[in-house]
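*Asks:* Structure in structure tokens, see below.
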Amino acid sequence: MTERPILEVRDLRKWFPLGSSLFSRHRQQVKAVDGISFSMRRGEILSLVGESGSGKTTVGRTVLRLTAPTSGSITFDGQDITRLSRRQLRPLRRRMQLVFQDPFASLNPRMTVERIVSTPLIIHDEPGGIAARRAKVEAALQLVGLLPHHATRYPHELSGGQRQRVGIARALILRPDFLVADEPVSALDVSIQAQVVNLLLELKDLLGLTILFVAHDLAVVGHISDRIAVMYLGRLVEVAETRVLFARPRHPYTEALLSAAPIPDPTVERQRIILAGDIPSPIDPPPGCAFSTRCRYATEACRAAVPPLREVAPGHLSACIRDDIALQAPRHGALTAPSKETCRCRLRSTGYRVTIACPRPSTSSSSAPASSASAPPTNW
Amino acid sequence: MTAAPVLQVEDLSVRFRTRGGEIAAVSGVSFAVRPGETLAVVGESGSGKSVTSLALMRLLPPGAAVTVTGRVGLRGKDGRMLDVLTLPEPEMRGVRGDAIAMVFQEPMTSLNPVKPVGEQIAEAIRLHRGLDRRAATEEVVRLLDLVGIPAPRQRLASYPHHLSGGMRQRVMIAMALSCEPAVLIADEPTTALDVTIQAQILDLLRRLQERTGMAVVFITHNLGVVAEIADRVMVMYGGRVVEQADVRPLFARPLMPYTVGLLRSVPRLDLAGRRAGPLPAIPGNVPDPLHMPEGCGFHPRCGDHVAGLCDARLPELESAGEARLVRCVRWRELTP
Ligand SMILES: Nc1ncnc2c1ncn2[C@@H]1O[C@H](COP(=O)(O)OP(=O)(O)OP(=O)(O)O)[C@@H](O)[C@H]1O
Ligand SMILES: Nc1ncnc2c1ncn2[C@@H]1O[C@H](COP(=O)(O)OP(=O)(O)OP(=O)(O)O)[C@@H](O)[C@H]1O
Ligand code: SF4
Ligand code: SF4
Ligand SMILES: [Mg+2]
Ligand SMILES: [Mg+2]
């Protein structure tokens, strides 16, 4: 508890003015982020979850100071960065990086992988000549499981998973200690998604990264995060350790969200809470508890004031005024098929560690791990 | 006793001529769907799911660059079996949206952006059901209400861009349902949506199906969604069917190593927060359609691959018990 948090966010607000009429007196504001506070331990993965439009991306971008906050404060590794100018931010930029959602749209189609990955080096005037730069690119590619020959390829010559790796390599080349990963696996196929999730977890251990992770998929979030922060309409409504949140949600919105996650087990009986309607508009949020329009436990008192985020158990925060309700823990089912047999091995060709599934350890134990022999070493 | 299929696909193949060479996007796909049944089609990106559904709707781009072979039988509203692939286009236009309808993955591309949504649905109803303007409008209100759009009468004049993603998807479903089709094809109808909205839409489809006995072909790569709504599952890889089974046996005892890998790579909700080691990912990537591997298309990624056996020739899609098909030369020895 003595260690200083790497990131500390206090009462952060980001409002976007709507329309730009200079003469309108009551200019409307989109309250994308409306007063949130949280902090992150070094080496932690904190996930932001919530419906589309709840403000997850805006939090990530504001925390990185890619956009200026409307109010509140952001402290990165002890330094207040809320009001730093672009130039003052420069030395910090290399320590804080962003991985984008769409691996295709975020890579310039006319650049080779080498140029894409080395762009941050150029922007930050990294010392060293072409040879040094090339070596760094190669190391970054290797880190994410790509081969040196991928450096000469263009994005369209790579698969979706490989493109996402390029995006991660670009984010890592300056050796940042803080990463915002905004839906980094949402656009990927299930099998490739698992590869990238494994990669992020390994890199976190290897490099001691702190990751603010944004995702829709609750199964992925449950696997990757140490803690989860649930957003609703620009505010945090619940923050807890992953296991605790899944076992005992304390906010009705979290309860509904978890109950909506599809369970990959056809034998489980569902107990779904179907939320009526859509998330309300952040321009004119409902008074009091913003979730009251869809909450099955709402009372008159809920609309009186915005419920503060308060500690309901050690390290467990919730913004619901009702302590008298027993919320339902989600049913998960236990998928029958998977056993967790995986093996770690070294790719002879590159000498780095890979983690692969050995789908049937019993049958493939005699031969060397079949995948490293048969699969191209570009993938893991 | 099970009813006769409303949709029967036999040996469907689709090839594209591209600049890089010919692509076998779909090869020898066969399946049948009965009234009230939901068939889920799963598989990685590029495995041929959308091309299969577009072929059923006869919506593939026309021209010499596309070759479609096989047979698609569809039971028309009069009970007659129609041969979809040979039907003249004017007749097909009457069938599309009537006996068979489709919900596309991206609703914006299939809604007209400059026309109010109410008018768009009403048009489809007038065309297929011959209702007058007034009756059609009433029917639209009923449909929008059915798919859970609040204050439907006020929404008639809304343009697609005024609606949220979830609402647009519901409008698309209302439109697809407007003629009470015997078969609904839904191509990733919930992939772009939040889980809460996804839950609403799955719930809606299930209720509608119970009421109308509509057959549904549901394309998705979310195995959680498959477990929720499917009666049967068809797994595709590289344009071919590699496994077909009822949903419970498939999840309980997958036979094809690719299916096994897919099921394992989904993080388990019951282990959330426990970090039980790395996810068992399938190594490698989806195959390049221009350079499909010889033999079993999955062999470069398969942990059970045996050189000289799996890569020698294409494994047959063989019967593996009642209502089960699998394409793997080793399934007998691999399955405990
Ligand atoms: N530059 C901007 N100008 C005006 N409004 C904006 C801007 N950026 C975001 N918003 C609005 O702020 C709100 C929050 O958006 P944000 O992108 O942060 O949500 P999100 O939680 O990341 O959603 P998603 O899951 O869809 O990515 C939305 O209502 C959005 O329309
Ligand atoms: N009009 C076209 N011309 C040439 N090739 C095409 C065309 N449409 C699809 N293909 C190719 O056919 C194959 C199957 O594509 P399809 O869209 O059916 O995949 P899918 O399974 O729906 O994938 P996803 O999950 O990404 O939607 C792919 O290799 C694709 O590139
Ligand atoms: S404060 Fe009231 S409306 Fe808000 S979540 Fe709690 S019970 Fe529901
Ligand atoms: S045929 Fe061989 S390579 Fe293909 S799935 Fe079966 S064991 Fe694997
Ligand atoms: Mg976002
Ligand atoms: Mg598709």
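Just so you know, the sequences run in chain order A and B.
Number 116 in UniProt numbering belongs to position 116 of the first sequence; there are no gaps in the numbering.
Number 1 in UniProt numbering belongs to position 1 of the second sequence; there are no gaps in the numbering.
Ideal Cβ positions, reconstructed from N, Cα and C, are used throughout, including at glycine.
Note that the coordinates shown come from a computational prediction; the quantities given were computed from them, not determined experimentally.
1) Using 8 Å as the threshold, is the C-beta distance between serine 191 of chain A and leucine 262 of chain B below it?
2) What does serine 73 of chain A reach in chain B if we use C-beta pairs closer than 9 Å?
3) Could you name the residues of the same chain whose beta carbon sits closer than 6 Å to that of valine 237 of chain A, not counting the 5 residues immediately before and after it, in chain order?
4) Is there a Cβ from chain B that is less than 8 Å from the Cβ of glycine 238 of chain A?
5) Would you call aspartate 187 of chain B buried or exposed, if buried means 16 or more other Cβ atoms sit within 10 Å of its Cβ?
6) With 8 Å set as the bound, which would you pick, yes or no: does the beta-carbon of histidine 221 of chain B sit closer than that to a beta-carbon of chain A?
7) Taking 6 Å as the limit between beta carbons, can you name the residues of its chain near glycine 166 of chain B, skipping five residues before and five after?
8) Just how far apart, CA to CA, sit proline 155 of chain A and aspartate 246 of chain B?
9) Among B:Gly224, B:Arg207 and B:Leu223, which has the Cα closest to the Cα of valine 216 of chain B?
10) Among the candidates A:Phe213, A:Leu212 and A:Asn198, whose CA atom is the shortest distance from the CA of leucine 206 of chain A?
11) Apart from the five residues on each side of it in sequence, which residues of its chain come closer than 6 Å, Cβ to Cβ, to isoleucine 168 of chain A?
12) Buried or exposed for serine 225 of chain A, please, with buried defined as at least 16 other CB atoms from any protein chain shown within 10 angstroms of its CB.
13) Helix, strand or coil: which one does DSSP assign to tyrosine 154 of chain A?
14) For ligand 8, which residues have a Cβ under 5 Å from at least one heavy atom, in chain order?
15) Name the chain B residues that come within less than 8 Å of histidine 216 of chain A, Cβ to Cβ?
16) Starting from the beta carbon of phenylalanine 104 of chain A, find every residue of chain B whose beta carbon is closer than 7 Å, and list them in chain order.
17) When DSSP builds the beta bridges, which residues end up paired with valine 41 of chain B?
18) For histidine 128 of chain B, does the three-state DSSP call read helix, strand or coil?
19) Would you check whether ligand 2 has a heavy atom nearer than 7 Å to the C-beta of valine 30 of chain A?
20) Is it buried or exposed, leucine 7 of chain B, if we count other Cβ atoms within 10 angstroms and call 16 or more buried?
21) Using the beta-carbon of each residue, which ones in chain B are nearer than 7 Å to residue 405 of chain A?
22) Which residues bound the alpha helix (DSSP H) around leucine 263 of chain B?
23) Listing by chain order, which chain B residues have their CB less than 8 Å from the CB of threonine 242 of chain A?
24) Can you tell me whether glutamate 243 of chain B is buried or exposed? The criterion is at least 16 other CB atoms within 10 Å of its CB, across all chains shown.
25) What separation, rounded to the nearest whole angstrom, lies between the Cα atoms of proline 262 of chain A and alanine 135 of chain A?
26) At a threshold of 7 Å, does threonine 242 of chain A count as lining ligand 5 (C-beta to nearest heavy atom)?
27) Relative to ligand 4, is the shortest distance from any of its heavy atoms to the C-beta of proline 315 of chain B smaller than 7 Å?
28) Which residues have a Cβ closer than 7 Å to any heavy atom of ligand 4, listed in chain order?
29) Is the Cβ of glutamate 3 of chain A closer than 8 Å to any Cβ of chain B?
30) Tell me the DSSP bridge mates of serine 71 of chain A?
31) Count the other CB atoms within 10 Å of the CB of isoleucine 173 of chain B; is the residue buried (16 or more) or exposed (fewer)?
32) At the 8 Å Cβ level, is phenylalanine 104 of chain B part of the contact set with chain A, yes or no?
33) By the DSSP assignment, the alpha helix (DSSP H) with residue 383 of chain A in it spans what residues?
34) Glutamate 3 of chain A: buried (16+ other C-beta within 10 angstroms of its C-beta) or exposed?
35) Just the chain B side, please: which residues come within less than 9 Å of histidine 332 of chain A by C-beta, in chain order?
36) In the DSSP assignment, find the unbroken beta strand (DSSP E) run with alanine 32 of chain B in it and report its ends.
*Replies:* In terms of the structure at hand:
1) yes
2) Within 9 Å Cβ-Cβ: nothing; serine 73 of chain A doesn't reach chain B, min ~30 Å.
3) Val230, His251, Tyr253 and Ala319
4) Glycine is not the amino acid found at residue 238 of chain A; the sequence shown has glutamate there. Chain B, which has no Cβ nearer than 8 Å to the Cβ of glutamate 238 of chain A, makes this no.
5) buried
6) yes
7) Leu193 and Ile197
8) 39 Å
9) B:Arg207
10) A:Asn198
11) Val99 and Val144
12) buried
13) coil
14) Ligands in the displayed structure: ligand 1, ligand 2, ligand 3, ligand 4, ligand 5 and ligand 6; ligand 8 is not one of them.
15) Asp194 and Val195
16) Going along chain B, no residue has its Cβ under 7 Å from phenylalanine 104 of chain A, so there is no contact; the nearest lies around 12 Å.
17) B:Ile219 and B:Met234
18) helix
19) no
20) buried
21) With chain A running from 1 to 380 in the structure shown, residue 405 of chain A is simply not present.
22) 257-265
23) Ala272 and Gly273
24) buried
25) 44 Å
26) no
27) yes
28) B:Met256, B:Pro257, B:Tyr258, B:Cys296, B:Phe298, B:His299, B:Cys302, B:Asp304, B:His305, B:Val306, B:Leu309, B:Cys310, B:Pro315, B:Cys328, B:Val329, B:Arg330, B:Trp331 and B:Leu334
29) no
30) A:Arg13
31) buried
32) no
33) Absent from the model: residue 383 of chain A. The displayed extent of chain A is 1 to 380, so no value can be given.
34) exposed
35) Arg268, Leu269, Asp270, Leu271 and Ala272
36) 21-33
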